[in-house]
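Counting from 1, position 48 in the sequence shown corresponds to residue 48 in my numbering; the numbering is continuous, with no gaps.
A virtual CB, placed ideally from N, CA and C, is assigned to each residue, including glycine.
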Amino acid sequence: MKDLSLAFWAGLGSAAMLGGAFFFQYVMGLAPCEMCIWQRWPHGIAFVLGLIALGLPTAWVKAAGAVTMAVSTGLGLYHTGVERHWWAGPDSCSGGGNISSLSPEDLLNQILAAPVVRCTDVAWEMFGLSMASWNGIASLGLLALWLIAMRRA
1 MKDLSLAFWA
11 GLGSAAMLGG
21 AFFFQYVMGL
31 APCEMCIWQR
41 WPHGIAFVLG
51 LIALGLPTAW
61 VKAAGAVTMA
71 VSTGLGLYHT
81 GVERHWWAGP
91 DSCSGGGNIS
101 SLSPEDLLNQ
111 ILAAPVVRCT
121 DVAWEMFGLS
131 MASWNGIASL
141 GLLALWLIAM
151 RRA
């Protein structure tokens with residue numbers, strides 16, 4: 001029964017992460033960038049897997065939960081690197097790319113299609129770490145819970 005509750009608690013942890021993201025977006029008014037949205041998907045999937053684990057506590061369900069948190073950890077750390085300018089992010093939200101070969105019309109279309117929030121901007125931080133960094137850390141902890149639950153299955 002302990003492994004079942006660990007998977008469920010890991011899923012609830014992801015639900016809490018989503019709740020925090022929505023709180024910052026809708027209550028605090030911090031609009032998410034494209035990469036922030038990417039980081040929400042694994043948590044949503046992990047929450048559903050945590051619910052599935054209540055009725056189907058198999059190692060496969062728990063392994064899938066672990067995979068989602070491995071992806072979330074990677075996305076959080078990748079986004080942290082983009083924010084800190086350790087590496088380039090996607091052109092669609094980091095403002096990079098080669099514009100010298102674009103026609104004026106293509107450049108205007110690219111500007112109009114650009115997201116309002118850039119992935120390189122840190123909207124909020126605590127103890128010098130951005131939300132993306134905290135997501136990476138929390139996701140790593142949730143990954144550990146999923147792996148322990150999987151091992152006990």
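With DSSP as the reference, label residue i as helix, strand or coil.
i    : result
S139 : helix
M1   : Low per-residue confidence applies at M1: pLDDT is 47, beneath 50, and the placement is therefore not dependable, though the value from the model is reported in the following sentence. Coil.
T73  : helix
A31  : coil
R84  : coil
A10  : helix
C119 : coil
S103 : coil
P57  : coil
G89  : coil
A144 : helix
A153 : coil
Based on DSSP bridge pairs, tell me the residues matched to residue i.
i    : result
E125 : S130
Do residue i and residue j have their C-beta atoms within less than 8 angstroms of each other?
i    : j    : result
G11  : Q39  : no
M69  : P32  : no
G74  : V82  : no
A149 : A15  : no
A153 : A21  : no
F24  : M131 : yes
M17  : N135 : yes
C156 : H79  : Residue coverage of the chain in this structure runs from 1 to 153, which leaves residue 156 outside it and unanswerable.
From this set, the options, which residue's C-alpha is nearest residue i's C-alpha?
i    : options           : result
A123 : M17, C36 and G13  : C36
S5   : H85, V71 and L56  : L56
L143 : I45, L30 and S72  : S72
L30  : I45, G19 and V117 : V117
Legend entry - Validate contact between the region 35-53 and the region 65-76 using beta carbons, cut 8 angstroms, 3 pairs: yes
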